[in-house]
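Trainee:
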Amino acid sequence: MKVSDKTVKSLLEIYKEISLLNKILATLGWDTNVNLPPKASQGRASQVSYLTKIITEKWTDGKFIKLLEKANSQKSKLNLEEKAIIRNIKRGAKIYNKIPKEILVEESETTSKAFVTWKVAKENNDFAYFLPDLKKIIKLYQIIADHLGYKDNRYDALLDIYEPGLTTAFCRNLFSKLQPPLTQTLKAIQKSKVYKSSNNIINDSSYPIDDQRKMAAFVLKGIGYDFDAGRLDIAPHPFETQLGRFDIRITNRYKGNDFRESFTGSMHEGGHALYEQGIKEDYANTPLGGGVSLGIHESQSRFWENQVGRSFEFLKFLTPIFHALYPNSLPKIETEKLFAILNDVKPSLIRVEADEVTYNLHIALRFEIEEGLINGKIKPEDLPQIWKTKMKKYLGIIPETDKEGVLQDVHWSGGSFGYFPTYTLGNLYAAQFTHAMKKELNIKNLMTKGELGTILSWLRSNIHQYGSLYYPAELVKKVTGEKLNSKYFLNYIKEKYHAIYKIS
Ligand code: MG
C-alpha cells in the first residue's frame, strides 16, 4: 500500500486504534458465543458497552473529523488506495456522526433487551410478547434512516449500511426478475416424477459428532483454510469472525442425526474465512482491511457452499472420504445419493434450511415486509397475517405457528433492517463470479480431482486481495466485465435443477 499524503497518514494512525479496539470487541464476541459461562453474561455486557463507548468517542473525535474533512477536500490529489481509505472512513463516520448519540444509546439498550424478548417469544410462540419491542425498534430505525438521509426511499438509508449503494428500486427490480422464474422452477420440480418418488430422508442413522468434526476439518483444509491463522469451534449458530489478520475463526454446529448441515456449514463459514485470509497483508488495521460488503462476503461463502460443496464433481471427489470418515453410518454411500440429498428441493418454512431454488423467495418476502415497515405502510401488529399471505404466494405453504413464521429470524430484534437482501446478492454475485471463472478455469475438472488451490488462487487474485478497495458494483464490473445480472444465477439454477429433477 502506498500512502504518501500526510493527512491520510495521520488518519490511518487514529483508524488503527479503532480497528484494534474492534478486534478486541470481536474477541469478546467470539468468546461470548463459544465459551461464556451463564453467570458471566452481565459482566460481559458491561465490558462490551465500555469498549463500544470508547470506539464511538474515537469515531466522533473532533481532531479525527477535521483530518477527514481536510483529506476529503484534497481528494483529487490522492491515489486509488488513499481515495478508498477516505471513502471508507467517511462511510464509517457517517453512522456515528449523523445519528444523535441518545438515539444510538436508545438503540443499543432497546435491541439488547429485545434479543431476550424475541427469544422468549419464539420459544413460547407468542408474537404479542415481542410486539412492543419490535414497534420501538422499527420507530428507532425510521428515525435513524431519516438522520442518515436518502434520495428516493427511506429504506435506502438502511440498505446502504450493509451494501454500499444498494437501493430499494434496485432490489425491487431484482426480485421482480427472480421471483417468477424461481416459482416456475419450483412448480416444475414439484410436478416431476423424480420429486414424487424421491426419498431423501437420511435421519434413520446416527452420525457421530467426532466423524462430523473430522469431515469439517478435512474440507476446510481442502479448500485452503489456514488453521495456523484460525480455529474451528462449536457454537449454537455457525459464524465467521475476524480477531486479527492472522486470526480468522469459524464455528460450526453438529446434529447427531444429520451430517449435511455441518458439512455445508463448514464450507459456508470457510468461504467467509478464505476471503479474509486472502486480503493483502498490509491492509490490516486500515479501512481497506476487511471484506467490502455483506453481499460480496456472502458470495464467497455461497460459492464454496453451493457452487463447490453441492456440486456433483466435488461430491464425487469426496465420496471415498465420506466412506472413510463415516465408517459406520455412510460406508457405501454413492455420489448420486450424496448429490441428491444435498440438493433436495422442497418449499420449507425456515429460511436457513431452504434449498438453492427457494432460498431467495424467503428473502423477497422479507424485503417487501421490511420496506413496508420502515415506510410505515405495514403495521407491526399485522405482521403474522402478512407473513402467512406472502408465504402462500411465494412458497405455497403457510406456517401454523409464528415461531415457524414471523418470529424465526433474529435480525429484527437486533435492528438489522436492510440486511436480508444481501443474502440474495451473495447468491447472485457467486453465480456471476463462477461464470467468469469458468472462462479461465475448467472448474468441473478441478473439483473432480479435489484440486481446489487453483480455484482459490483465482478468487484471491480477482476478489480477496482487494479487501475494501473497490465498492461491490466496481468489483463486479472489474471481475466479470458487467454489472450484477440475475441471469447467471437463474441459468445456474435452471441447468442444475432441471437435470436433477429431469425436467425437459
Ligand atoms: Mg454467511
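Just so we're aligned, residue 35 is where the sequence shown starts under the numbering used here, counting upward by one.
Cβ atoms here follow ideal geometry from the backbone N, Cα and C, with glycine treated the same way.
Keep in mind the model is a prediction, meaning the values are calculated, not measured.
Quick one: what does DSSP say residue 377 is sitting in, helix, strand or coil?
Mentor: The answer is coil: DSSP assigns residue 377 none of H, G, I, E or B.
Trainee: Can you check which of these residues, 216, 111, 471, 316, is closest to residue 337 by C-alpha distance?
Mentor: Ranking the options by Cα distance to residue 337, first place goes to 471.
Trainee: Taking all protein chains shown into account, decide if residue 388 is buried (16 or more other Cβ within 10 angstroms of its Cβ) or exposed.
Mentor: So residue 388 counts as buried.
Trainee: Buried or exposed, going by whether 16 or more other CB atoms sit within 10 Å of the CB of residue 194?
Mentor: Flag for residue 194 reads buried.
Trainee: Report yes or no: do three or more beta-carbon pairs, one from the stretch 273 to 290 and one from the stretch 55 to 72, lie closer than 8 Å?
Mentor: In short, these stretches touch, since the Cβ pair count reaches three.
Trainee: Would you identify the three-state DSSP class for residue 286, choosing helix, strand or coil?
Mentor: Three-state result, residue 286: strand.
Trainee: Near residue 418, what residues of its chain come up, given a Cβ to Cβ distance below 7 Å and the 5 sequence neighbours on each side ignored?
Mentor: The answer, listed in chain order, is 161, 436, 439, 440.
Trainee: Kindly indicate which three-state DSSP category residue 277 falls into: helix, strand or coil?
Mentor: Residue 277 falls in the strand class under three-state DSSP.
Trainee: If residue 299 sits next to residue 272, beta carbons under 8 Å apart, how far is it from one beta carbon to the other, in whole angstroms?
Mentor: Contact flag correct, Cβ pair sits at about 5 Å.
Trainee: Is any non-hydrogen atom of the ligand MG found closer than 7 Å to the C-beta of residue 10, if you look at the structure I gave you?
Mentor: Any question about residue 10 goes unanswered here, given that the chain covers just 35 to 538.
Trainee: Excluding sequence positions up to five away, which residues of its chain have a Cβ less than 6 Å from the Cβ of residue 526?
Mentor: Cβ within range, chain order: 465.
Trainee: Taking residue 397 and residue 454 to be in contact with their CB atoms under 8 Å, please state how far apart those CB atoms are, rounded to whole angstroms.
Mentor: Residue 397 to residue 454, Cβ: 5 Å. Contact.
Trainee: Using a Cβ-Cβ cutoff of less than 7 Å, which residues in the same chain neighbour residue 269 once the five nearest sequence positions on both sides are dropped?
Mentor: Around residue 269: 67, 68, 285, 287.
Trainee: Since I believe residue 394 is in contact with residue 216 (beta carbons under 8 Å), could you give me their beta-carbon distance rounded to a whole number of angstroms?
Mentor: The Cβ separation is near 6 Å, so the contact holds.
Trainee: Do you know offhand how far residue 83's Cα is from residue 460's?
Mentor: So the alpha carbons of these two residues sit roughly 31 Å apart.
Trainee: What's the C-alpha gap between residue 131 and residue 152?
Mentor: Rounded to whole angstroms, residue 131 to residue 152 spans 29 Å at the Cα level.
Trainee: When every heavy atom of the ligand MG is checked, does at least one fall within less than 7 Å of the C-beta of residue 116?
Mentor: No, Cβ of residue 116 sits at least 7 Å from all heavy atoms of the ligand MG.
Trainee: Give a yes or no on whether the C-beta atoms belonging to residue 248 and residue 359 are separated by under 8 Å.
Mentor: Closer than 8 Å, so yes.
Trainee: Use the C-beta contact count for residue 403: other C-beta atoms within 10 angstroms, 16 or more gives buried, fewer gives exposed.
Mentor: Answer is buried; the Cβ neighbour count reaches 16.
Trainee: Is residue 332 close to the ligand MG? I mean its beta-carbon at under 7 Å from any heavy atom of the ligand.
Mentor: It does: the Cβ of residue 332 is within 7 Å (strictly closer) of some heavy atom of the ligand MG.
Trainee: Measure how close the beta-carbons of residue 313 and residue 501 come, nearest whole angstrom, since I'm counting them as under 8 Å.
Mentor: That belief holds up - the Cβ atoms of residue 313 and residue 501 are roughly 4 Å apart, short of 8 Å.
Trainee: Using a Cβ-Cβ cutoff of less than 8 Å, which residues in the same chain neighbour residue 257 once the five nearest sequence positions on both sides are dropped?
Mentor: Within the same chain, residue 257 has close Cβ partners 301, 304, 305, 308, 338, 342, 486, 490.
Trainee: Residue 112 and residue 99 - do their beta-carbons sit closer together than 8 Å?
Mentor: Taking 8 Å as the Cβ cut-off, residue 99 and residue 112 do not qualify as a contacting pair.
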